[in-house]
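Sequential numbering from 57 applies to the sequence shown in the working numbering. Where a beta carbon is used, it is the ideal one built from N, C-alpha and C, also for glycine. Below is one structure, written out as C-alpha cells; comments come after it.
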Amino acid sequence: MFDSIRVFAPATVANVVCGFDILGFAVDAPGDEVLMTRTDTPGVRIRRITGDNGRLPLDAAHNTVSASVQQLLRHLGREDVGLDIELHKQMPIGSGLGSSAASTVAGLVAANALLGQPLTPLQLLPFAMLGEELACGTGHADNVAPALLGGFVLIRSYEPLDVVRLPFPPELYCAIVFPDVEVPTRDARQLIRRTVLLKDAVTQWGNVAGLVSGLFLNDTALIGRSMQDVLVEPARAILIPDFYRLRELAMAAGAIGFGISGSGPSVFAFAHDAATAHAITERLQQHLTSLQVGSQAYVSPINAQGPKVLRHELV
Ligand code: HSE
C-alpha cells in the first residue's frame, strides 16, 4: 500500500453533439492532477489548490473532490482514514471540458488506490456523479464516466445506471477550442426546453443511433452526418461567439463534424489526423481573435486509458 499518490484524470467532451447527457469521450490533454497523502488524522482535507485563481472552495464539504471522497469513505466504512488533498487544476473552469469531472475522478482514483483498490472504476462512478451534482446541480455522467473509464462511453440508462464502452476509429483526432467566455453548466442547463416535439425526438435518436453505428463501423462519414443536435444546440449556440460561423470554418478546414463540447463554451471537431485537427484549431482561433475573443486550443486523440497514476510512494 502507498501513502502518497499523484493521479492525472483527463478532460472530456460530453454530449458529442447529439447525445445530451448520454455520450462522452476522454482526451489526452488537458486534465487535472490530484496529489493525495494518507495521514493519521481521520477526515478529508483540501490542503492546497493551484491553477484555479482562488475560485474553488477549500472547505471539504463543498469541494467536489473532497466531498465525493468523503462519500466513498463513508460507503466503505472507512471514516477512520485521513486523507490530505492537493488539487492542481490544469484546465479552465467553466469551459465545457469536464473540469470538475477531471478533478473529482482524479481524487476518487487516488483515494481508491490508497485504500488498496476496494472498488472497480465502474463502482467509483456513482461517487463521481455525486461530485457533478455538487458542481452543477445534476449528477450527469457523460463527463465523469469517460474520465473514469477512458475512451468513448454511452450512458444507456441512469436508473439503473448502465454504462457501455464504445469502440472508436483509432485515427480519430479531436480539435478543441475554448473561447475565453465563461458558461457555467448550471446556467447552460437552464436554457434547455423541458419538452420536445416528437419529430425532433425522431431526428435526434436517428442521429444518436447513427453516431454509435459509425463508431462501431469505423465509418467517419456516418459519424460526421450524425453530429447534429436539434434539441440542445439551438438553445446553447447563443452562448458561444459566432457559433455557426465557427462551424462553417471548421467544416471548410476538413472537420468530420463539429459542435459544442459539453455545455460549452468550448467547441470541438473530429478530424482524420493531427495535422487537420491543428488546421481547424488555427482557423477557429484566428476567427475568434478577429472578434477580439481570446481562446485556447487543444489537439488530442481519443484517450482510451482514462486516469493515470503519475507517482506513488511510501512516505
Ligand atoms: N451533458 C452535460 C450538459 C455536460 O450538456 O449539460 C456538461 O458538461
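- In the DSSP annotation of this structure, the continuous segment of the beta strand (DSSP E) that includes residue 142 starts and ends at 138–144.
- Bridge pairing for residue 104: 142 [DSSP].
- For the pair residue 305 and residue 339, the CB atoms are nearer than the 9 Å cut-off.
- In this structure, residue 234 places its C-beta atom within 9 Å of the C-beta atom of residue 152.
- Cβ neighbours of residue 237 within its own chain (closer than 8 Å, five residues either side excluded): 295, 296, 297, 321 and 349.
- Annotation for residue 346: the continuous alpha helix (DSSP H) segment containing it runs 330–346.
- Spanning the alpha carbons of residue 187 and residue 199 requires a straight line of approximately 11 Å.
- Of the residues assessed, residue 346 falls on the exposed side of the cut-off, its CB having fewer than 16 other CB atoms within 10 angstroms.
- Residue range 323–327 is occupied by the beta strand (DSSP E) that includes residue 324.
- A Cβ-Cβ separation of about 5 Å places residue 100 in contact with residue 125 under the 8 Å criterion.
- Counting only runs of 3+ residues, the beta strand (DSSP E) found wholly inside the segment 277–320 occupies 313–316, in chain order.
- Under the three-pair Cβ rule at 8 Å, the segment 134–151 counts as touching the segment 78–93.
- In the structure shown, the three-state DSSP call for residue 147 is coil.
- Three or more Cβ pairs closer than 8 Å define a contact, and the segment 209–226 falls short of that threshold against the segment 249–263.
- Only buried fits residue 190, as 16 or more other CB atoms lie within 10 angstroms of its CB.
- Straight across, the Cα-Cα distance linking residue 119 with residue 163 is about 11 Å.
- Cβ atoms of residue 324 and residue 69 come within 8 Å of each other, at about 5 Å.
- For residue 307, the closest alpha carbon among the candidates 204, 231 and 62 is that of 231.
- When DSSP reads this structure, residue 88 sits in a beta bridge with 65.
- For residue 299, the CB stays at least 8 Å from every heavy atom of the ligand HSE.
- Annotation: residue 169 is outside any beta strand (DSSP E); the continuous alpha helix (DSSP H) that includes it extends over 155–170.
- The closest CA to that of residue 223, considering only 248, 358 and 351, is found on 358.
- One Cα belongs to residue 214, the other to residue 370, and the distance between them is close to 38 Å.
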